[in-house]
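One structure is given below, encoded as structure tokens.
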Amino acid sequence: TSNDPGTDAQVKTNSSGDANAAPGTKVVIGFSAPAADHGWIAAITNNAKAQAAAYSDVELKTVEAGADAAAQRAALATLIAQKPTVIVMLPHDGKELNATGLEAMRAGIPVVNLDRAFPSAAAYRLQIKGDNYGMGLAAGQYIGEQLKAKGVTNPIIGEIPGIDSLELTQERTQGFNTALATFGFKVANRRPAEFTADSGQAAATALLQALPKMDALWNHDDDQGIGVLAAIKQANRSEFFMVGGAGSKAAIDSIAKDDSVLKATVTYSPSMASSAISLARLIGQGKGMSDLVELQVPKEITLASETITKDNASKYEKLGF
Amino acid sequence: MTTPAAETAGDVVLRLTDVVKTFPGVRALDGVQLEVRAGEVHCLLGQNGAGKSTLIKVLAGVHHADDGEIIWLGETFAPATPQAAMRAGIATIYQELDLVDDLSVAENAFLGHEEARFGFTRRRSAADKTREILARLGHAEISPRTKVHSLPAAGKQIVSMARALSHDAKLIVMDEPSAVLAHDEVANLFRIIRELTAQGIAVIYISHRLAEIREIGDRVTVLKDGRTTASNLPAKSTPTRELVGKMTGRSIEYVFPPRPARPEKPPILVVEGLTRHGEFVDASLTVAPGEIVGIAGLVGSGRSELLETIFGARRADAGTITMDGQRITGVGRAVKKGIGMAPEERKSQALLLDEPVYKNMTLSSFAGFARAGFTAARDERAAALKTADLLELRPRDVDRPARTLSGGNQQKVVVGRWLLDQTRLLLLDEPTRGVDVGARAELYQVIRGLADDGVGVLLVSSEVPEVLGLADRVLVMREGRIIHEAPADELDEDTVLDLVMAGSLLEGEPA
Amino acid sequence: MITETAPPEVRSSPKKRLDDNAVRNLGLVGVLVVLVIIGIVTKPDLYSDPTWVRNNFLTILQQASAIGVVTVGMTFVIIGGGIDLSVGAIIALAGVWCTTLATQSYGAAGMIFTALVVGIAVGLVNGVLISYGRLVPFIATLAMLVSARGLAAQISGKQTQVSANDTINGIATTKLLGVPLLVWILAVVVAAGWVLLNRTTFGRRTVAVGGNPEAARLAGINVKRHTVLLYALSGLCCGIAAIMLTSQATSAQAAMANLYELDAIAAAIIGGTLLSGGRGTIIGALFGVLVFSTITNLFAINNLSTEVQNMVKGGIIVAAVLIQQFRYRSLTQLLKR
Amino acid sequence: MITETAPPEVRSSPKKRLDDNAVRNLGLVGVLVVLVIIGIVTKPDLYSDPTWVRNNFLTILQQASAIGVVTVGMTFVIIGGGIDLSVGAIIALAGVWCTTLATQSYGAAGMIFTALVVGIAVGLVNGVLISYGRLVPFIATLAMLVSARGLAAQISGKQTQVSANDTINGIATTKLLGVPLLVWILAVVVAAGWVLLNRTTFGRRTVAVGGNPEAARLAGINVKRHTVLLYALSGLCCGIAAIMLTSQATSAQAAMANLYELDAIAAAIIGGTLLSGGRGTIIGALFGVLVFSTITNLFAINNLSTEVQNMVKGGIIVAAVLIQQFRYRSLTQLLKR
Ligand SMILES: Nc1ncnc2c1ncn2[C@@H]1O[C@H](COP(=O)(O)OP(=O)(O)OP(=O)(O)O)[C@@H](O)[C@H]1O
Ligand SMILES: Nc1ncnc2c1ncn2[C@@H]1O[C@H](COP(=O)(O)OP(=O)(O)OP(=O)(O)O)[C@@H](O)[C@H]1O
Ligand SMILES: [Mg+2]
Ligand SMILES: [Mg+2]
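So this is what it looks like as structure tokens:
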């Protein structure tokens, strides 16, 4: 979340001296992600483009997936017709695009599923995703530990998720509740926003009004967190601490500076798009990951959600989006 | 209203030469000549669709003439907008009410030329001026602050007049202002017209009622199919035969069809003690098959409401309606039992303006033409054409949208609708409003013909001669009550007029 | 009494109304042609492959099928003087309901039956609220939108429910005579809608109820009952669309068919339906849907970014209506002579 | 023949309409009271703290402020016979435009100026398309919705743009006489809207243009120009709302003010504005907004889940309108006697 549209490649997985980095056969990677009206998705697309640009043997064909699953299906239909070597897609909804994944695989195009899993194993060659449940766990774990350290016995905990009808939101919430339960805590009030700053402000205002006193707050998304923090300031509240989600640059900076109630954020890094392009290239060239003994790229990779606090913020600075 | 000395009565203020106006498929004006002098009441006569309304809309800047010349106060005149015409001193009362329902009387009167300072309305000043004009119109009881939609039709007509008077006009055009007015209101209108002309203001007056033209008019111009067929005839002395001849190209005697002797039959419709609070009280009446029952009364006496309640379109507070011994509770039931109604306001209550004429005519009967739910357009058109011929619809085209018909022709479509149906009881509310002389005679003939075929007719009309001439039996209504009932041939116009105005001719009647 | 009756000779244009609609639709066909030409010019390589062109054509139709079915129902509602903001929500509810594990255990017939019944039932509730509760259609169906999506979320537990039924999932992949089944369904619904609107008493009543409810009532039409039926019809179309979408996505969820209401209303209006009621055409609505789906296709093959897509899309919509109007005016001018 | 007599009185029911609106608004106040009572019953502990109650009241108003401002503009457009689906998109565009680094470099005045100009300009385009391009308002503003959001995404690079301007950000935190500045802005806009609608020629002409455009034209009102002005007014309100929202969220992005169009239209209609034009009240629209914002507040303090919230919300909307209608009918019955 910065005012300059960051286009530089965020992470390079191919260190020099690695045989995999050497140019190989040309690979055409088709790429599709939902319309980006949110910093995280914008970062996914940008990372994918930057990563592809870093390889001389990769051509990236992005197709915009529009506003919903139906639009994305339509876009992918045109992409499949163009027969790319590999398809990397971040589906609107894994289940709704399962059929499209199958269709591509049947047409002989390996599919790399980014982030939102297909239910059917035949629909993808590789799945690389963040850990929504783990993100919730991490946030709950952090909040639980902090409160326990402070000796709060019956804490009032608030939660501001993103779009509530999304499955990923459900998973995050479940992880959060599970972790809190191990401490014997539970969420007192939960006001969903829509991943935008203004909706975050509205949800936070409502939440703060409902909970005149609060001990901790988890906001699922740092982009909407801008609004959440604004609302907290407007309500003049500071008796609690807040944990963010995803790991935006602004959030990491703020944590490092320790200038607000935001004390930590749990990552859900868009760097997975960079990894997906790298691995798609390897799949297209029939190579394996050099640190693994296996000759092929594995079928599933789940990134761990990390907790960024003041102590380790400097390490994560360049991962922020 | 000041009148420059130069414009005393007698000077020609307006002259139209060979004015032409075409609409898609219709040459509405096809070379019109007209000459209007200051201080005169110039009457326009013509059949429905002759082009009268179109002509005055050209004058008012609503339509633009395709050809011809208009000279107004000595200068060539071609108003681009209604505002331009108003600024030039021409005010118009349109045939179709042109008021905004949710604005007050004063706001309507001054719409477009509001009393305002820096864009802020001066409500008191507008109200005062409106009150003054309303007082001049003899209707001081209408509050300038009342919203127009709570006024009855007659009240709206008065607001339209107030609007025309609110301009400093040198010519006031009135398109059938008397159509929605009752007898006594017309007298009042004439009083105002005389006041205006006395100040040197010219008036163009359109009406289908020859009697009115004789009383108020000075000169008459006759239109036929968009052409002037006679100009500047003396209004008082030109024989009716000649006027009608110029209008229609044939001669019509304005007579009512004879009443045939009718065997007594038990009534099909029985209404007992019908009441709607604030509208009418304890109305009881019967209609027998083949009988025409007329209801006379003033505007606002509750006749329309009574008719609509009988039809089931309004819920009665008390009383019963039975048709063939069965209760009528709603419109659906009424129509099923063979009751039809031609409502009073054709535009808001009867017409689908964008639909073709034939679909309007068959609106209540298309299901009857249909087979297994599928409509039979061919049969419908054929039937509609027959009715169109019967009622002399012009243009004789049942495919054009109802919107493009002249007012009187729209009325014929509304009435025609029920001639197609298997109707056994017909409720007619002002069936001849805006219908020209020739077609009117024809319509009377048709109504009588229906009665002769055994249809019962309940007829509401504000024209007393019509009720007396057409009906077998007459009910007189005043302030929501039926105060008198008699066979038509036992009543004359004066008696009825006296009755409706709470006169004393028949003392002892309940008031 | 009356002597000499010669009906006056008046020039008139019979069947003029019919032409109006035809001209309007012709305008939309023109817009479609322009869109295709843009496609050919920008992607000549793709368009040089006849198989691709044929496939692309079928893809456009297929993508238009579900929204097309919804638009037919919507067109009826709008012609009848109403509006239905709940179509997307009804699809979601019907889709979710017919893919619960319980419903799926009844097989394809059970699922289809459930979707249709849910659609009709919600439509009936809309209609009753509007007719007998005298709620403004906008408010009643907006409330239904919110509620039905909420109920769908409740039923699905906010999960995407996968359809395990091969018959249902097969609808989206089956072809008849080389044409996808979904397109056949659209064709049947459009044809049925056209007949219903133009050739039946139901259609006539719809026009009357929307054009002048008071006149319809005084002509003996049961306006309230008819209104209820119109919303039920729209609900039925949503039920059909729910099955089509579920089959395409092999799943259903509470957020599916998002903002379909706007698309359907827009397509109906672009097709010449008057938002205030009383006038409209089914064929026009179909063309409206096709214009939208062709635009989307054009964007996809040119791979425009979403933001550019959106900016351009607004412009194309405006241009489409303007072209159509222009043609309409000039053609009627021509017809006049 | 025709004899001179005193003209008969034209009976009418004076002041009836005024009462209509008052009664309607009374109904909405009743709904608000019921909502508050539900709040008190379900959360007696919160409501026992007067500071909290006062705060809560101000919070409800504050959360209603931006959408309230939009609704005032929308009410004018609807009364004038149109509809504006692009309000949310205009807010997004104005918000994004006024928070670009370039604009922010001009300080608070530059940002405010930019937001207002963008709002008015987009409104003007809407108005011109509708008046002179003869596009149906629904289609023109829908196209604008799509385009303006696309442009906003383009400008912002799809990023959330943080406002670094303390004056702008301070608007949301400033209080005057204990009342948030945002609420004052709402109050001023509502008051200005009321005066404009009820006490100026512009307002009265708006009613005429929407209620009977033909009559307005015949009265010499320039209907087209007036229509343009109405959409510009709505755009202006959106510009104001954009600043308010940007200040509240200390940032702007292309997806902000999502679906504000539906909320604003719904609030206007619940407040007694006729969707077909020609009738409406500003005060009613304000109450409509407050009903929605109070419902949200009620849900929040009771911690209802989204799906239950949605299901209940639809029901409450229906109930609110029914209550209001019921009160309306029975009260006018009483007044009749
Ligand atoms: N907007 C229009 N479009 C097409 N045709 C029209 C339009 N307005 C009027 N006409 C036609 O022009 C002719 C003249 O109509 P006009 O209204 O001037 O008649 P009129 O003399 O006022 O009749 P009436 O006595 O019934 O009011 C009619 O044939 C009518 O159908
Ligand atoms: N829109 C209205 N709002 C309030 N009162 C009305 C309205 N229209 C009519 N009324 C009242 O209803 C009663 C009857 O009115 P109406 O003019 O319809 O009677 P009518 O006998 O049918 O007269 P007309 O011959 O003009 O149709 C009157 O008291 C009138 O004031
Ligand atoms: Mg006329
Ligand atoms: Mg009457």
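Chains as they are written, first to last, in the working numbering: chain E, 19 to 339; chain F, 13 to 523; chain W, 249 to 585; chain A, 249 to 585.
By construction, the Cβ of each residue, glycine as well, lies at the ideal position given by its N, Cα and C atoms.
> Among G262/E, W236/E, A221/E, which has the Cα closest to the Cα of A253/E?
Replying inline: Along the first sequence, one-based indexing puts residue 253/E at 235. Ranking G262/E, W236/E, A221/E by Cα distance to A253/E puts A221/E first.
> Quick one, which of K44/E, T43/E, N64/E has its alpha-carbon nearest S287/E's?
Replying inline: Here residue 287/E refers to the residue found at position 269 when the first sequence is read from its first residue. Among K44/E, T43/E, N64/E, the Cα nearest to that of S287/E belongs to N64/E.
> Exposed or buried, which one is F324/W when buried takes at least 16 other CB atoms within 10 Å?
Replying inline: Within the third sequence, numbered from 1, the residue matching residue 324/W stands at position 76. That one is buried.
> When you check each C-beta in the stretch 481-514 of chain A against every C-beta of chain W, which residues fall closer than 8 angstroms?
Replying inline: Here the close residues are A502, L510, I513, A514.
> CA-CA distance, L120/E and N550/W?
Replying inline: For this step, residue 120/E is matched to residue 102 along the first sequence. For this step, residue 550/W is matched to residue 302 along the third sequence. Separation of L120/E and N550/W (C-alpha to C-alpha, rounded to the nearest whole angstrom) is 24 angstroms.
>> Give me the chain F residues within the contact set of G459/A, using Cβ-Cβ distance strictly less than 8 angstroms, ordered along the chain.
In response: Start at 1 with the first residue of the fourth sequence, and residue 459/A comes out as number 211. Near G459/A (Cβ distances below 8 angstroms), the residues of chain F are V112, D113, D114, L115.
>> Within a Cβ cutoff of 7 angstroms, which residues of the same chain sit near G487/W, ignoring the five residues on either side of it in sequence?
In response: Looking up residue 487/W in the third sequence gives position 239. Once the five neighbours on either side are set aside, the close Cβ partners of G487/W are A342, A363, L364, V366, G367, I368.
>> Can you pull the chain E neighbours of Q557/W, defined as C-beta to C-beta under 8 angstroms?
In response: Reading the third sequence from its first residue, position 309 is the one you call residue 557/W. Near Q557/W (Cβ distances below 8 angstroms), the residues of chain E are E82, G84.
>> Considering only the alpha carbon of each residue, which of D511/A, T448/A, G316/A lies closest to E127/F?
In response: As a first step, residue 127/F must be located in the second sequence, where it is residue number 115. E127/F has its Cα closest to that of T448/A, out of D511/A, T448/A, G316/A.
> Any heavy atom of ligand 3 within a distance shorter than 7 angstroms of the CB on G419/F?
Replying inline: The residue you call residue 419/F lines up with position 407 of the second sequence. Within 7 angstroms of the C-beta of G419/F there is at least one heavy atom belonging to ligand 3.
>> Let me confirm a value: E119/F is counted as buried when at least 16 other C-beta atoms fall within 10 Å, else exposed. Which label applies?
In response: Residue mapping note: residue 119/F aligns to position 107 of the second sequence, counting from 1. In the assembly as shown, E119/F is a buried residue. Its beta-carbon has 16 or more other beta-carbons within 10 Å.
>> I'd like to know if D366/F contacts chain W, where contact means its C-beta is closer than 8 angstroms to some C-beta of that chain.
In response: Taking the first residue of the second sequence as 1, we reach residue 366/F at position 354. True, the Cβ-Cβ gap to chain W drops below 8 angstroms.
>> Applying the 10 Å Cβ sphere with the 16-neighbour rule, what's the burial state of D433/F?
In response: Position 421 of the second sequence, counting from 1, holds the residue named residue 433/F. Counting Cβ neighbours within 10 Å, D433/F comes out buried, since at least 16 surround it.
> In terms of DSSP beta bridges, what is N558/A paired with?
Replying inline: Locating residue 558/A in the fourth sequence gives position 310, where the first residue counts as 1. DSSP lists no partner for N558/A.
> Is T104/F near ligand 1, with its Cβ less than 7 angstroms from a heavy atom?
Replying inline: If you number the second sequence from 1, residue 104/F lands on position 92. Of the heavy atoms belonging to ligand 1, none sits nearer than 7 angstroms to the Cβ of T104/F.
>> Please give me, in chain order, every unbroken run of the alpha helix (DSSP H) with length at least 4 that falls completely inside the stretch 60-140 of chain E.
In response: Within the stretch 60-140 of chain E, the alpha helix (DSSP H) runs of at least 4 residues that lie entirely inside it are, in chain order, 87-99, 116-124.
>> Quick check: does the Cβ of K472/W come within less than 7 angstroms of any heavy atom belonging to ligand 3?
In response: Residue 472/W sits at position 224 when you count from the first residue of the third sequence. Distances from the CB of K472/W to the heavy atoms of ligand 3 are all 7 angstroms or more.
> Where does A305/A sit, in a helix, a strand or coil, going by DSSP?
Replying inline: Numbered from its first residue, the fourth sequence carries residue 305/A at position 57. It is Phe, not Ala, that sits at residue 305/A in the sequence shown. If DSSP states are grouped into helix, strand and coil, F305/A belongs with the helices.
> Comparing alpha-carbon positions, which option in R460/F, V293/F, R239/F, D187/F lies nearest P269/F?
Replying inline: In the second sequence, counting from the first residue as 1, residue 269/F sits at position 257. By alpha-carbon distance to P269/F, the top candidate from R460/F, V293/F, R239/F, D187/F is R460/F.
>> List, from N- to C-terminal side, the alpha helix (DSSP H) runs of 4 residues or more that fit wholly inside the stretch 430-496 of chain A.
In response: List check, alpha helix (DSSP H) in window: 449-459, 461-466.
> Sorry if obvious, but does the Cβ on Q660/W come closer than 7 angstroms to a heavy atom of ligand 3?
Replying inline: Because chain W here runs from 249 to 585, residue 660/W falls outside it and cannot be looked at.
> Counting only beta-carbon atoms, is A27/E nearer than 8 angstroms to chain A?
Replying inline: Residue 27/E sits at position 9 when you count from the first residue of the first sequence. With a pLDDT of 47 at A27/E, under the threshold of 50, the modelled position of that residue is not reliable, and no figure is offered here.
>> Counting only beta-carbon separations shorter than 8 angstroms, does D182/E have a partner in chain A?
In response: Residue numbering aside, residue 182/E sits at position 164 when the first sequence is read from its first letter. At least one chain A Cβ lies under 8 angstroms of D182/E.
> Can you tell me whether DSSP reads K423/W as helix, strand or coil?
Replying inline: Here residue 423/W corresponds to residue number 175 of the third sequence, with the count starting at 1. Per DSSP, reduced to three states, the secondary structure at K423/W is strand.
> Taking any Cβ of chain F, which residues in the stretch 459-473 of chain W have a Cβ under 7 angstroms from it, in chain order?
Replying inline: If you check each beta-carbon in the stretch 459-473 of chain W against every beta-carbon of chain F, the ones closer than 7 angstroms belong to G459, N460, E462, A463, R465, L466, A467, G468, N470.
> Any idea what DSSP makes of G461/F, helix, strand or coil?
Replying inline: In the second sequence, the residue the question calls residue 461/F occupies position 449. In the structure shown, the three-state DSSP call for G461/F is helix.
> If we ignore side chains and look at the alpha-carbon of each, how far apart do K204/E and T223/E end up?
Replying inline: Along the first sequence, one-based indexing puts residue 204/E at 186. Along the first sequence, one-based indexing puts residue 223/E at 205. Near 21 angstroms, if we compare the C-alpha coordinates of T223/E and K204/E.
> When burial is assigned at 16 or more other CB atoms within 10 Å of the CB, is K231/E buried or exposed?
Replying inline: Residue numbering aside, residue 231/E sits at position 213 when the first sequence is read from its first letter. So K231/E counts as exposed.
> Considering V347/F, what are the terminal residues of the beta strand (DSSP E) in which it resides?
Replying inline: Position 335 of the second sequence, counting from 1, holds the residue named residue 347/F. Counting along the chain, V347/F sits inside no beta strand (DSSP E); it lies in the alpha helix (DSSP H) bounded by residues 343-348.
> Roughly how far, in whole angstroms, is the beta-carbon of A95/E from the beta-carbon of T307/W, given that I think they are within contact range, below 8 angstroms?
Replying inline: For the purposes of this step, residue 95/E is taken as the residue at position 77 of the first sequence. For the purposes of this step, residue 307/W is taken as the residue at position 59 of the third sequence. Between the beta-carbon of A95/E and that of T307/W there is about 6 angstroms, and that keeps the pair under the 8 angstroms contact cut.
> Whose CA, out of N150/E, E163/E, G169/E, D233/E, lies closest to the CA of G180/E?
Replying inline: Counting from 1 along the first sequence, the entry for residue 180/E is found at position 162. Answer by Cα proximity: N150/E.
> In chain order, what residues of the same chain lie with their CB nearer than 6 angstroms to the CB of T332/F, ignoring the 5 residues before and after it?
Replying inline: Sequence index remark: in the second sequence, residue 332/F carries index 320 (1-based). Cβ neighbours of T332/F beyond the five flanking positions: E284.
> Once you ignore the five residues that flank S155/F on each side, which residues in its own chain have a CB closer than 8 angstroms to its CB?
Replying inline: Looking up residue 155/F in the second sequence gives position 143. Apart from sequence neighbours up to five positions away, the residues of its chain that approach S155/F with a beta-carbon distance below 8 angstroms are V117, ordered along the chain.
> Alpha carbon to alpha carbon, what distance is there between T200/E and T327/E?
Replying inline: Along the first sequence, one-based indexing puts residue 327/E at 309. Along the first sequence, one-based indexing puts residue 200/E at 182. Their Cα atoms are separated by approximately 22 angstroms.
>> Quick check on F386/W - is its C-beta less than 8 angstroms from some C-beta in chain A?
In response: Locating residue 386/W in the third sequence gives position 138, counting from the first residue. In terms of beta-carbon proximity, F386/W lines the interface with chain A, with at least one pair separated by less than 8 angstroms.
> What residues of chain W sit near V573/A, judged by a beta carbon separation below 7 angstroms?
Replying inline: Along the fourth sequence, one-based indexing puts residue 573/A at 325. For the sequence presented, residue 573/A should be read as Gln rather than Val. By Cβ distance, chain W contributes R382.
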